[in-house]
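Scroll down for the structure; my scribbles are underneath it.
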Amino acid sequence: MKRAAHVILTSHSSQVFKDSLPIHWGVKNPMHRGPVIGSLTDIKQRNAIGTHSGSYAVYRALSIAQGSYSTTHKPDLHNTDSPVRMGPFPSWSDPDKIVSIDPWGLDIPIHFKDLYEAGYDIRPTIAVTQAHLQIPEIHQAIDAGRLKVDGKVVLENKDIKVTKVAFEPVWYLPGIAKRLNVDEGDLRKILFQETGGMFPELVTRPDLKVMLPPIGSTTVYIFGNPQDLSNEKIELTCRVHDECNGSDVFGSDICTCRPYLIYGIEDAARTAQRGGVGLIAYYRKEGRALGEVTKFLVYNARKRQVGGDSASTYFHRTECVAGVEDARFQELMPDILHFFGITKIHNLHSMSNMKYNAIVKSGIEVVNRISIPAELIPADAQVEIEAKKAAGYFNPGETKTVKELETVLGRPIDE
Ligand SMILES: [Zn+2]
C-alpha cells in the first residue's frame, strides 16, 4: 500500500497536532513521562523527529517504495517482551543521566498498556533476548584452562550463555546539548544543515524535543544475572567496545580490537562464574565514528608515509584525512550503563581515558582498569598500542619516548 501522492511538509503548521502526547523527559511514571511515538501509521500521534529503526529506516522506505511493505503495518508485539525484568532504576527518572536512549522503550505493551491497547502505534526501541555464544578463542581459553566449563555460564559444549539487549538511539535534544556543552538551538540548526537538510522539524518545531537519529545502534551482552548489574556489592567486569568490523569479525591484524573484545568476553564469563556479573557493550561507531571508508584511507596514508607506519604519527594521519581525530562522543556512552542501574564497575576493560573519564564523570565508580595482555597484541597492531600508550591511554607498564615511537613500525602497504 502506498501513501498519498502529494507530499506533506512536516514543518507545515497544520502538522502540529493537538492529539499527540507530550513527552516529559525524566518523569518517573512512564504514563506521565509519555511514550516516544516516531511511527508513521498515524502521523497525528507523532511526538518525535525522525522515525524508528535507526539507519534501517532508510531500508524500510526502500521496501515501501518498491511496494513490498505496507505503510499501515503495525508490529504485532505478542510474546516479544523481555525474558528478564529490567528496572526501573533511579537513573531512568534523572533527566541528565540518560539522554541518548529511551529507558521506557522496552516492553511497550507493559509500560504503556492503556495507550498501546487504545491503538497508539508505540514501537520498542529496546529489546532483550537470550543466546549462546560460540567463539573459537573462548574454546582455546577453555582448552588452556583459563576458563572452566561449569554448566551454567560456560556449557558442556563450550558455548557461553548470555542475555543480550539491543538499543536504538533516542535523543532528548536539550539533554544532548547540555551533555556536549552546546546551545540546543545551535545543535538543532547544525544537525539540520550538516545532514543536507534531513529533518526540517529540527529548526521549525522547537516544541518537539525528542529525535530518533538515523544512526547505528548499541548491543549489550550480559554474563550472569542481569539483575545483579545494579547491585554494587556484586563484582562487575565491563568492556565498552566501539565497533571495528575489520578486526572484530574478519580478524584483520592492524589493531587490537578483536583480541581486546574477546579477552573482555573471557573475563566477563570468568567473573560471572565466581558469582559476579559481566557486561560487554558494543557501540556501532565504526572507525572512531568516522566510518570504514575514512578508516581504510587512513591505513593507506599511514603505511605510505615517509618512514613507514609509525606509532609517532598514528593520530596525526587520522586527522589529516578525516578532519578530526575522533567523533565517538564518549560523553553519551555511559547512558547504556545507567539503563542497567550500574553505579560501580569493579573491573573496566579499556585503555581509553576518554571512556574512563566519561564513565566516572557520569557518576559511576571505577575500581580497577584492565589493559590487554601483551601476548594478545598482533605484531602489526604494535603501532596502534604504542601510540595510544604514549598519548596517555591507560597502561600499567612502560611508555615509549618520541624517539622510541619512531622505531615502532607496521607492515608496509604491499606486504
Ligand atoms: Zn580495530
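For the sequence shown, full-length UniProt numbering puts the final residue at 415, and the numbers step up evenly by one.
Glycine included, each C-beta is placed from N, C-alpha and C at the ideal position.
Whole-Å CB distance - residue i paired with residue j, under 8 Å assumed
i, j, result
"V165", "G105", "Not a contact, Cβ separation roughly 11 Å."
"G410", "D309", "3 Å"
"M333", "K388", "About 18 Å separates the two Cβ atoms, so there is no contact after all."
"K209", "L173", "5 Å"
"E266", "L147", "6 Å"
"A358", "E331", "5 Å"
"D96", "G196", "So it is not a contact: roughly 31 Å between Cβ atoms."
"H52", "L212", "6 Å"
Alpha-carbon spacing of residue i relative to residue j, whole angstroms
i, j, result
"L261", "D253", "14 Å"
"M198", "F192", "6 Å"
"D150", "Y283", "30 Å"
"P109", "A322", "43 Å"
"V154", "V203", "52 Å"
"P22", "G34", "6 Å"
"T401", "A390", "7 Å"
"D76", "D121", "10 Å"
"I98", "G307", "46 Å"
"P200", "K161", "45 Å"
"Q305", "R317", "9 Å"
"Q140", "Y221", "20 Å"
"M1", "G119", "Unreliable placement is indicated for M1, whose pLDDT of 45 sits below 50; no coordinate value is reported for it."
"K178", "A61", "32 Å"
"C244", "A381", "13 Å"
"Y56", "D107", "21 Å"
"I364", "E415", "45 Å"
"L337", "R258", "22 Å"
"N29", "S362", "23 Å"
"V293", "I43", "36 Å"
Exposure label - residue i; buried when at least 16 CB within 10 Å
i, result
"P136", "exposed"
"G246", "buried"
"S63", "exposed"
"R85", "exposed"
"F180", "Looking at the sequence shown, residue 180 is not Phe but Leu. Exposed: under 16 other Cβ atoms inside 10 Å."
"F250", "exposed"
"I190", "exposed"
"D335", "buried"
"D248", "buried"
"Q134", "exposed"
"G145", "exposed"
"K158", "buried"
"S70", "exposed"
"residue 447", "For residue 447 there is no data in the structure shown, the boundaries of the chain being 1 and 415."
"A65", "exposed"
"A268", "buried"
"R274", "exposed"
"A341", "In the sequence as displayed, the identity of residue 341 is Gly instead of Ala. Counting Cβ neighbours within 10 Å, G341 comes out buried, since at least 16 surround it."
Pair within 7 Å by beta-carbon distance, residue i and residue j
i, j, result
"I413", "K303", "yes"
"S91", "V128", "no"
"C238", "L348", "yes"
"L229", "V298", "no"
"F223", "A272", "yes"
"S217", "G50", "no"
"T163", "Q130", "yes"
"A48", "V36", "yes"
"R123", "S39", "yes"
"F339", "P103", "yes"
"K355", "V240", "yes"
"E406", "S312", "yes"
"F167", "I101", "yes"
"V383", "V366", "no"
"T125", "K74", "no"
Cut-off 7 Å between Cβ atoms - residues of its own chain near residue i, not counting five sequence neighbours on either side
i, result
"D94", "G26"
"S371", "M351, F394, N395, P396"
"R328", "D242, K285, R288, A289"
"I385", "T256, I377"
"V360", "V366"
Short CB-CB distance (under 7 Å) between residue i and chain D
i, result
"G34", "Among the chains in the structure shown there is no chain D, since it carries only a single protein chain."
Cutoff 8 Å; reference residue i; Cβ partners in own chain excluding five residues on either side
i, result
"N368", "H346, N347, L348"
"residue 418", "Missing from the structure shown is residue 418; the chain here goes from 1 to 415 and no further."
"F315", "E325, A387, A391"
Contact set for residue i: own chain, Cβ-Cβ below 6 Å, skip 5 residues either direction
i, result
"M31", "none"
"G291", "none"
"E319", "E325"
Near ligand 2: residue i beta-carbon under 6 Å from a heavy atom
i, result
"S230", "The model depicted lacks ligand 2 and carries ligand 1 instead."
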